[in-house]
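Visitor: Going by the working numbering, the residue at position 78 of the sequence shown is 77; the numbering climbs one at a time, nothing skipped. Even for Gly, the Cβ is constructed at its ideal location relative to N, Cα and C.
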Amino acid sequence: MEHDSKTTTDHGTIRKWAESRGGRPAAVSSTHKGDDPGIIRIAFQGETDGLDDISWDELFAKFEDNKLAFLYQGHTKDDDTSRFFKFVKR
C-alpha cells in the first residue's frame with residue numbers, strides 16, 4: 000500500500016521524493032553554524048521561518064555523519080500526495 004510509511008537511506012530516493020513535492024534541503028537557522036548545517040530538514044514551499052537553505056551535498060553529509068535514515072510516506076489514505084517524513088536513526 001502506497002500510504003504505508005517506508006524507510007530508505009538512498010540519497011536519490013530522498014531527493015526525488017522531496018523535489019517531487021517542491022521540497023528543498025534546509026537547516027534550522029539557530030543550529031546552522033559555519034560548515035556544520037546543524038539540524039537538517041526538508042523545507043517545502045512557503046516554509047522559510049527559522050530555516051536556512053543548504054545544498055543537497057551538505058544535507059547528505061550530515062545525514063551520513065549522523066547515521067540517519069529517511070522515514071517517508073508516498074500518499075495519504077485518501078490518495079493525496081503526502082509530505083510526511085522524518086529523519087530517524089538507522
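(1) If we call anything under 8 Å between Cβ atoms a contact, is Glu-57 one with Pro-36?
(2) Where do the ends of the beta strand (DSSP E) carrying Lys-5 lie?
(3) Report the option in Ala-60, Ala-42, Phe-59, Lys-61 whose CA atom is closest to the CA atom of Asp-52.
(4) Going by DSSP, which residues form a beta bridge with His-74?
(5) Thinking C-beta only, is Arg-89 closer than 8 Å to Thr-8?
(6) Identify, in the order they occur along the chain, each residue of the same chain with its Cβ nearer than 7 Å to the Cβ of Phe-83, setting aside the five sequence neighbours on each side.
(7) Using 8 Å for Cβ pairs, my map puts Phe-62 next to Ile-38. What's the rounded Cβ distance?
Guide: In terms of the structure at hand:
(1) yes
(2) 4 to 7
(3) Ala-42
(4) Thr-80
(5) yes
(6) Tyr-71, Gln-72
(7) With 8 Å as the limit, Phe-62 and Ile-38 do not qualify as a contact, their Cβ atoms being about 12 Å apart.
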